[in-house]
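Following UniProt numbering, the numbering of the sequence shown begins with 180 at its first residue and continues without gaps.
Positions of the beta carbon are idealized from the N, C-alpha and C atoms, including for glycine.
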Amino acid sequence: VAARFGGGPLAGKRVLLTAGPTREFLDPVRFISNPSTGKMGLALAHAARSLGAQVTVVLGPVGAVARDGLDVVDVVSADDMAREVLARVGAVDAFIATAAVSDWRPETRAAQKVKKGTSAAPEALTLVRTPDVLAEASRQVAGQPKRPVLVGFAAETERVVEHARDKLERKGLDAIVANDVTAPGAGFGTDTNRVTVLTRAGARHELQGSKHEVARALLELLLVTAS
Ligand code: CTP
Ligand code: CA
């Protein structure tokens, strides 16, 4: 309701997000990906919208999801995601990277379906790194007079806080939301989440609940209270 009447604590703010997985095709029928469903990112997008923000989501392949009120840019690969984000990040107030971007892609993409052939073992697949969308976005806005607030997510399975702090610093972020994806009630495809938020200023917050509750709390913490 707040959004419809142009009010809300994030009225007039532009928020850009990435969400979902990426797909890195090796031929027309096969790809490398991961189990991300985009739920946390879309929960954040809808929460930002309901707080009054104008929201753009650069979204990997996730199937049917609620898009009402959001400006959704559909992408497939990490390269596509990087291009769409870098075209927009200079003009927003906040960029929140929730996507599970594939870190690797096949070096080449065959034009036709790769056949089994006659050999018993598959041919080796050569992989190359994809662009780091968040790190590139951070570098691109680094010199800007009014830099957007930059928030990353860290999906970890061990030494969660240590790895997340390292990413916060390495990517030049304002905050990182660390997720132990092996913990009960957290991770890929679940409706709940348990996260640790680390800020550049050194604060640490633990949040838990439904992905919608966590989304709302994160925005309050990182965008509303901070602005
Ligand atoms: N990210 C991104 N582009 C990539 C890889 C990651 O934008 N190619 C973003 C994610 O959206 C997330 C943050 O960077 O906000 C951290 O992602 P994560 O996979 O946890 O970290 P990596 O830097 O890829 O390191 P690793 O996978 O080795 O832990
Ligand atoms: Ca990664």
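Straight-line gap, residue i to residue j (C-alpha atoms, nearest Å)
{"i": "Val374", "j": "Ala357", "result": "5 Å"}
{"i": "Leu400", "j": "Lys390", "result": "15 Å"}
{"i": "Ser229", "j": "Gly381", "result": "29 Å"}
{"i": "Asn372", "j": "Arg383", "result": "16 Å"}
{"i": "Asp259", "j": "Ala290", "result": "18 Å"}
{"i": "Asp370", "j": "Leu223", "result": "13 Å"}
{"i": "Val328", "j": "Lys295", "result": "48 Å"}
{"i": "Ala333", "j": "Ala316", "result": "16 Å"}
{"i": "Glu392", "j": "Gly186", "result": "21 Å"}
{"i": "Ala362", "j": "Asp206", "result": "35 Å"}
{"i": "Arg284", "j": "Leu304", "result": "10 Å"}
{"i": "Glu348", "j": "Leu221", "result": "25 Å"}
{"i": "Ala276", "j": "Glu302", "result": "34 Å"}
{"i": "Glu203", "j": "Ala261", "result": "13 Å"}
{"i": "Gly191", "j": "Lys350", "result": "27 Å"}
{"i": "Val376", "j": "Ala243", "result": "29 Å"}
{"i": "Phe367", "j": "Val360", "result": "7 Å"}
{"i": "Ala257", "j": "Thr197", "result": "11 Å"}
{"i": "Ala245", "j": "Leu306", "result": "34 Å"}
{"i": "Val339", "j": "Asp345", "result": "10 Å"}
{"i": "Gly248", "j": "Val330", "result": "22 Å"}
{"i": "Ala273", "j": "Leu189", "result": "11 Å"}
{"i": "Leu402", "j": "Gly231", "result": "12 Å"}
{"i": "Ser281", "j": "Thr404", "result": "32 Å"}
{"i": "Leu238", "j": "Pro324", "result": "28 Å"}
{"i": "Val208", "j": "Glu286", "result": "16 Å"}
{"i": "Val293", "j": "Glu263", "result": "30 Å"}
{"i": "Ile211", "j": "Ala226", "result": "30 Å"}
Other residues of its chain near residue i: CB distance less than 8 Å, five sequence neighbours each side excluded
{"i": "Gln319", "result": "Leu265, Val268 and Gly269"}
{"i": "His342", "result": "Ala333, Glu335 and Ala357"}
{"i": "Ala365", "result": "Asn358, Asp359, Thr371, Asn372, Arg373 and Val374"}
Residues bridged to residue i (per DSSP)
{"i": "Glu335", "result": "Asp359"}
{"i": "Ser389", "result": "Thr371"}
{"i": "His384", "result": "Val376"}
{"i": "Arg308", "result": "Trp283"}
{"i": "Leu329", "result": "Phe274"}
{"i": "Leu196", "result": "Val236 and Ile275"}
{"i": "residue 161", "result": "Absent from the structure is residue 161, since the part of the chain shown begins at 180 and ends at 406."}
{"i": "Ala354", "result": "Val330 and Thr378"}
Proximal residues to residue i (C-beta, below 6 Å), its chain only, five neighbours per side dropped
{"i": "Arg379", "result": "Asp353"}
{"i": "Gln233", "result": "Arg193"}
{"i": "Thr235", "result": "Leu195 and Asp250"}
{"i": "Gly322", "result": "none"}
{"i": "Ala279", "result": "Pro200, Asn213 and Ser215"}
Same chain, Cβ closer than 7 Å to residue i, neighbours up to 5 away in sequence not counted
{"i": "Leu386", "result": "Val374, Val376, Val393, Ala396 and Leu397"}
{"i": "Pro310", "result": "Ala257, Asp258 and Ala261"}
{"i": "Arg288", "result": "Phe204, Leu205 and Asp206"}
Does the region 246-253 come into contact with the region 203-217, if we say contact requires no fewer than three beta-carbon pairs (one atom in each stretch) closer than 8 Å?
no
Curious, which full-length alpha helix (DSSP H) runs of at least 4 residues does the region 226-290 contain?
257-265
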